[in-house]
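Report on one structure; see the data block that follows.
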Amino acid sequence: MRTTYLLSLLLILSACTKNIVPQDIYATTEAGTRVVLKGDSSWEYARSTPNLKTTKEQKEDKTKVDLRVVGKWDAGISCRIGLSLTNRKARFIRNLGIELTAYVQNDIEFETLIVGFYGIKPTKYQYREAIFNTPCKNIQHILVHGSDYCSVGEDLVKFSTTIGECLESINVEKSEIINIHK
Numbered sequence: 674m675r676t677t678y679l680l681s682l683l684l685i686l687s688a689c690t691k692n693i694v695p696q697d698i699y700a701t702t703e704a705g706t707r708v709v710l711k712g713d714s715s716w717e718y719a720r721s722t723p724n725l726k727t728t729k730e731q732k733e734d735k736t737k738v739d740l741r742v743v744g745k746w747d748a749g750i751s752c753r754i755g756l757s758l759t760n761r762k763a764r765f766i767r768n769l770g771i772e773l774t775a776y777v778q779n780d781i782e783f784e785t786l787i788v789g790f791y792g793i794k795p796t797k798y799q800y801r802e803a804i805f806n807t808p809c810k811n812i813q814h815i816l817v818h819g820s821d822y823c824s825v826g827e828d829l830v831k832f833s834t835t836i837g838e839c840l841e842s843i844n845v846e847k848s849e850i851i852n853i854h855k
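Quick note on numbering: this note's numbering labels position 182 of the sequence shown as 855, and the sequence is numbered without any gaps.
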């Protein structure tokens, strides 16, 4: 009797545990490789992506990095602009140069600088400063442009030779500190 009871209990438990095993989970490694995490604690490389419903906005979002102004201050007769570049979705950013042009009164181009960002892993950010040779009060707006060439990836480096491809991947966040745009 006791043996029958124990066997029945084991059968019921094994039937119940089959229902609580999690389904496959798709994930992306730090290097950008898609893998499937299986419910039985094993994994394998993903052959295809899961059927996920994406919105039109998600499909059209080609930006991979966010450029944000984090500070502005005068340093003598110069204006220092603190910039943060966050790598949202891209693979490892080896090199990304951004051209910044400061415009003064009457929309006159005053000065162009190149600010370089190097070695940014996915989900990480990097801080740089742009120093323009005029007081901050004189700058009407800053134009982000150029960025014609960049290199992305660790093992297989993708070097962009298409003009505008790197700039297209940059999202310039609206700032209350200073007017900056693409």
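Backbone N, C-alpha and C define an ideal beta-carbon position, used for all residues, glycine too. Note that the coordinates shown come from a computational prediction; the quantities given were computed from them, not determined experimentally.
query	result
Best match in H814, L756, L769 and A748 for proximity to D780 [C-alpha to C-alpha]	H814
Where I806 falls, given that 16 or more other Cβ within 10 Å makes a residue buried	The residue you asked about is not Ile; residue 806 is Asn in the sequence shown. When all chains shown are included, N806 counts as exposed.
Three-state secondary structure (DSSP) of Q731	In this prediction, Q731 scores a pLDDT of 44, lower than 50, which makes its location untrustworthy; the coordinate-derived value is nonetheless stated afterwards. Helix.
Backbone CA spacing between K855 and S751 [nearest angstrom]	23 Å
Cut-off 7 Å between Cβ atoms - residues of its own chain near T702, not counting five sequence neighbours on either side	V708
Straight-line gap, K745 to I698 (C-alpha atoms, nearest Å)	44 Å
K737 classed as buried or exposed, judged by whether at least 16 other C-beta atoms fall within 10 angstroms	buried
I787 beta carbon less than 8 Å from that of E772	yes
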